[in-house]
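In our numbering, the protein residues as written are 30 to 276.
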Amino acid sequence: MILRDARVTIVGLGLMGGSLAAALSRSGACREVVGVARREGVVRTARELRFIHWGTTDLAQGVQGADLVVLATPVRSIVHTITQIGPMLAPDCVLLDVGSSKKAICKAMANLPAHVQPIGGHPMCGKESAGLMVAEPDLFLSKVFVLCPLERTAPAALALAREVVTAVGARELVLDPEQHDRMVALISHLPYLMSISLVNAADTLAADDSLVWRLAASGFRDTSRVAAGNPEMMLDILLTNREPIRA
30 MILRDARVTI VGLGLMGGSL AAALSRSGAC REVVGVARRE GVVRTARELR
80 FIHWGTTDLA QGVQGADLVV LATPVRSIVH TITQIGPMLA PDCVLLDVGS
130 SKKAICKAMA NLPAHVQPIG GHPMCGKESA GLMVAEPDLF LSKVFVLCPL
180 ERTAPAALAL AREVVTAVGA RELVLDPEQH DRMVALISHL PYLMSISLVN
230 AADTLAADDS LVWRLAASGF RDTSRVAAGN PEMMLDILLT NREPIRA
């Protein structure tokens, strides 16, 4: 299977999933882009924005006949979906994810039925804002897109994932899940915790003296920016990557 002949289903139409759908649809790199979201309003908006050809709130319907399925929800939701989705997928369907921690996801992928071709993924990009309305097709341009193939991943499945990386303008980097998680703990997850700690400390001080907010300038703004990240998403990341973060 090559990408231009593929039906691609994206499960989760937030910032990452919506941006991926938008990038693939704009490039015309695949035959069809299908979206799956929990709310009908999100599916409708994605269609109106022409990010997807069609969509549904029903997972089984959305992945039926897909050549490539991309899971773009919070990490623990991805792990849960992996435990359910196997029987819904066609033979040789490639299952890719874009979660920010990889060991837990790839461990779950290893237990998928033999007819599924799993591969972990993580685009090294994002925003502090979340949701479909901040999605953009250029989000991945010139960014690193990590791929974590499993031992069972067939060369053809990895080739299809690489085509996706190229189609959205990103740069491929193949890593094993544990190496990925050690690296992102240092350069992404710890900075988030530091930013949260800074904002909490400032809030505590401001309760006694609000002058702190009048003094806060660009340094505070830049350092505290990532604290505005989606708390549900970040909690999942921290819980599934706690060992490298603690190390």
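Virtual Cβ for every residue (Gly too), placed ideally from N, Cα, C.
Where Ile-31 falls, given that 16 or more other Cβ within 10 Å makes a residue buried: exposed
Please go through the same chain and pick out, in chain order, the residues whose beta-carbon is closer than 6 Å to the beta-carbon of Asn-259, but skip the five residues on each side of it. Ala-159
When DSSP builds the beta bridges, which residues end up paired with Arg-169? The sequence given here places Phe at residue 169; Arg does not occur at that position. DSSP, once it has assigned bridges, lists no residue as partnering Phe-169.
If you run the structure through DSSP and keep just helix, strand and coil, what is Ile-266? helix
Contact between the stretch 116 to 124 and the stretch 160 to 170 (3+ Cβ pairs under 8 Å): no
How is the alpha helix (DSSP H) around Ile-277 delimited, first residue to last? Because the chain in this structure spans residues 30 to 276, residue 277 falls outside the shown range and cannot be described.
Quick one: residues in its chain with C-beta nearer than 7 Å to the C-beta of Leu-204, no 5 flanking neighbours on either side, listed in chain order? Val-175, Cys-177
Under 7 Å Cβ to Cβ from Gly-94, same chain only, skipping five residues before and after it: list those, please. Arg-36, Ala-119
On the criterion of 16 or more Cβ atoms from any shown chain inside 10 Å, does Thr-112 qualify as buried, or is it exposed? exposed
From which residue to which residue does the beta strand (DSSP E) around Leu-124 run? Run containing Leu-124: 123 to 126, per the beta strand (DSSP E) assignment.
Quick test of the definition: if touching needs 3 or more C-beta pairs under 8 Å, does the stretch 148 to 156 touch the stretch 166 to 174? yes
Grab me the residues of Arg-211's own chain with a C-beta within less than 7 Å of its C-beta, minus the 5 sequence neighbours each way, in chain order. Taken in chain order, the residues that qualify are Pro-273.
Is Val-127 closer than 7 Å to Gly-149 when the C-beta atoms are compared? no
Ile-225 to Ala-256 span [Cα, whole Å]: If you draw a straight line from the Cα of Ile-225 to the Cα of Ala-256, it comes to about 5 Å.
Where the beta strand (DSSP E) through Glu-201 begins and ends: 200 to 203
CB-CB under 6 Å to Pro-116, same chain, minus the five flanking residues each way: which ones, in chain order? In its own chain, leaving out the 5 sequence neighbours on each side, no residue places its CB closer than 6 Å to the CB of Pro-116.
Taking the alpha helix (DSSP H) that Thr-110 belongs to, which residues open and close that run? 104 to 114
Cα-Cα, which of Leu-97, Glu-77, Ala-75 is closest to Asp-34? Leu-97
Chain-order list of residues whose beta-carbon lies under 6 Å from that of Val-40 (same chain, five-residue window excluded): Val-65, Leu-100
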